[in-house]
Structure formats: C-alpha cells, structure tokens
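Numbering follows the numbering used here, in which position 202 of the sequence shown is assigned residue number 203; successive positions increment by one, without gaps.
Ideal Cβ positions, reconstructed from N, Cα and C, are used throughout, including at glycine.
Only a predicted model underlies this, so the values are computations on that prediction, with no experimental measurement involved.
Worksheet for the structure shown next.
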Amino acid sequence: MAYKVCIIRAPGTNCDRETALCVESQGLVADVVHVKRLMDGEICFSDYDGIVIPGGFSFGDHVRAGALLGKILKERFGDELAQFSSDGKPILGICNGFQVLVECGLLPGNTAQSALTTNLSSRFECRWVDLSVETSRCIFTDGLSGSIRLPVAHGEGRFLVTAGELKELTNTGQVVFKYAQKNGGSAGGSYPENPNGSIDDIAGICNKEGNVFGLMPHPERAFYRFLHPRWTKSDESESFGDGYKIFKNMAEYIMR
Numbered sequence: 002m003a004y005k006v007c008i009i010r011a012p013g014t015n016c017d018r019e020t021a022l023c024v025e026s027q028g029l030v031a032d033v034v035h036v037k038r039l040m041d042g043e044i045c046f047s048d049y050d051g052i053v054i055p056g057g058f059s060f061g062d063h064v065r066a067g068a069l070l071g072k073i074l075k076e077r078f079g080d081e082l083a084q085f086s087s088d089g090k091p092i093l094g095i096c097n098g099f100q101v102l103v104e105c106g107l108l109p110g111n112t113a114q115s116a117l118t119t120n121l122s123s124r125f126e127c128r129w130v131d132l133s134v135e136t137s138r139c140i141f142t143d144g145l146s147g148s149i150r151l152p153v154a155h156g157e158g159r160f161l162v163t164a165g166e167l168k169e170l171t172n173t174g175q176v177v178f179k180y181a182q183k184n185g186g187s188a189g190g191s192y193p194e195n196p197n198g199s200i201d202d203i204a205g206i207c208n209k210e211g212n213v214f215g216l217m218p219h220p221e222r223a224f225y226r227f228l229h230p231r232w233t234k235s236d237e238s239e240s241f242g243d244g245y246k247i248f249k250n251m252a253e254y255i256m257r
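Below, the structure is given as structure tokens:
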C-alpha cells in the first residue's frame, strides 16, 4: 500500500522540493500540490495520509506571514482540514507552514489563539539555533530528548500568546521545542539564543492530540549530518542530522 503525503505549495513557497525528498526517503509518496489544484477541486485532502506545509514566503507574505494561504485554507477547506486532524492524520507546518497553521486556526487548537509576528531584532534571522526538546504529546518528536540543532530563516517568528494561554499550552503538553543555550540550558529570552523574542522561548507547538505540529526551525535543512556547517568537526558516524527523526516519526506514525 502506498501512503501519500500532500505537500502544499503556493506562490512564494521555496522549500517544497527538499521537504518532498525528506518525505520520500521514508518510503512515503510525496505529492507536491499547488493550492490552486485544491481550489479547483482536482484533488482533496482526504486522498492523503499526511499533510506538510513547507517553508517560504507564501503569496509574498503580503498582509503578514502566512496570512493569505491561511485564509484560503480556513475559508475553503476548514471543515476538511478539521476532519483530517480529528481523524488523527499528521499535519506538519515548517516556518511559513507554522505561520499558516496558526492563521487558519489548526494551532494551537480549533481557533486562532496565538500569533507569529515580527522578530524583536527587526531583522531576518538566518542561522543555526539550539533547541531543547520538551516533554510533549507531539508524535513527530517521539524518542527525541535533550537538545538538538536546527537552522532558522525567518523575519516573523516571534510566537505570542496570552499568559493564560501559555499556561494552558504548557499544562497540556503542547510546547514541543524551546530555543536554548549551547549547553541545553534555557535561553531565558536572551538574544541571539532566542532569535525572535518568542514568549517563553517557544520554537514549536502541537495541538492537544499531538498530530498537528508547527515549528519555526527547518528540519528538512538538517536532514543529513553533512548539512550542518561544522559536520567535519564532529566525531559522530551517524549519517543523518537532527531533523531526520521528525520525518521518520511522521512516516512510522502513518504506517503504524
């Protein structure tokens, strides 16, 4: 049986091919689908076993990052996506994809209760960061612990929620990754460890069920160990990088 993953692209998406390669490496069929094909009714989400919304600048990030694609998905496919999520199928949003998931209300839950806004540095942050792996419900990070390194590349990655919503996210195990120091300790909101000023150093969250996951760092850019800028200095013999496990977990969850 061929398990299929829909990789949604729109004008301005620029990480779809490398994301597809990561998905395909796990024995899944990756179908890169322009959002217009969905709007024209050529295909529907129920045809797929998983969804990935990759990074980039969908629709040029006009209005704000991820707003237009998020609006389309919410208005045209809100019920279908809600059913997809309720069925327990995995949905992954990377960088711009995370912004889209927040805009369309799939994260943190059924309504948009959070925001991803302009970095406090007022700059585009493009570099590798350290992340602490939090205890969470997320199916994508099963087996991960301690700290990992992934690259970020965004201008609007500052995650904001109210104090009450932050407490709820923490209590329900929805905080998946936090920006950290090199030794794995808390970034404490400090720059450059926390590249954007996110509240409580949050870099990624999931829904209460753990099958919808959004993160600002790019796991597809850390899929292989040699993608790390200092890979030749490492004594590790492992061929894969810290982003590999996220895609592996997605595939194992789909094929379980």
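Distance CB(residue i)-CB(residue j) smaller than 7 angstroms
i: Val-34; j: Ile-9; result: yes
i: Gly-67; j: Gln-114; result: no
i: Leu-108; j: Gly-215; result: yes
i: Ala-181; j: Ser-146; result: no
i: Gly-156; j: Asn-120; result: yes
i: Glu-135; j: Val-176; result: yes
i: Pro-193; j: Leu-151; result: no
i: Tyr-49; j: Cys-105; result: no
i: Gly-185; j: Ser-148; result: yes
i: Arg-159; j: Gly-198; result: yes
i: Leu-248; j: Gln-27; result: Position check: residue 248 holds Phe in this sequence, whereas Leu was assumed. In contact: Phe-248 and Gln-27 (Cβ atoms closer than 7 angstroms).
Outcome for residue i when other beta-carbon atoms lying within 10 angstroms are tallied against a minimum of 16
i: Ala-223; result: buried
i: Ala-164; result: exposed
i: Lys-179; result: buried
i: Arg-124; result: exposed
i: Arg-257; result: exposed
i: Glu-126; result: buried
i: Val-103; result: buried
i: Gly-42; result: exposed
i: Val-172; result: One point to set straight first is that residue 172 is Asn, not Val, in the sequence displayed. Asn-172 comes out exposed.
i: Met-251; result: buried
Alpha carbon of residue i to alpha carbon of residue j, nearest angstrom
i: Ile-255; j: Asp-143; result: 13 angstroms
i: Tyr-4; j: Cys-23; result: 14 angstroms
i: Asp-32; j: Phe-227; result: 26 angstroms
i: Asn-208; j: Asp-88; result: 13 angstroms
i: Ala-11; j: Phe-58; result: 9 angstroms
i: Ser-187; j: Asp-201; result: 9 angstroms
i: Asp-243; j: Asp-62; result: 28 angstroms
i: Tyr-245; j: Val-64; result: 33 angstroms
i: Glu-210; j: Glu-169; result: 14 angstroms
i: Lys-37; j: Glu-81; result: 16 angstroms
i: Val-153; j: Ile-203; result: 13 angstroms
Closer than 6 angstroms: residue i CB and nearest the ligand FMN heavy atom
i: Asp-48; result: The ligand content of the structure shown is nil, which means the ligand FMN is not present either.
Whole-Å CB distance - residue i paired with residue j, under 8 angstroms assumed
i: Gly-13; j: Phe-60; result: 6 angstroms
i: Trp-129; j: Pro-230; result: 7 angstroms
i: Phe-85; j: Leu-39; result: Incorrect: roughly 12 angstroms between the Cβ atoms, too far for contact.
i: Glu-221; j: Thr-20; result: 5 angstroms
i: Ile-44; j: Asn-212; result: That pair is no contact at about 21 angstroms.
Cutoff 7 angstroms: residue i Cβ touching any chain C Cβ
i: Cys-7; result: Among the protein chains of the structure shown there is no chain C, as only one such chain exists.
Endpoints, beta strand (DSSP E) assigned at residue i
i: Lys-5; result: 5-10
i: Ala-66; result: Careful: Ala-66 lies outside any beta strand (DSSP E) and carries neither H nor E.
i: Thr-118; result: 116-118
i: Glu-126; result: 126-134
i: Asp-32; result: 30-35
i: Leu-170; result: Taken as a continuous stretch (DSSP letters only), Leu-170 belongs to no beta strand (DSSP E), being part of the alpha helix (DSSP H) at 164-172.
i: Tyr-180; result: 176-181
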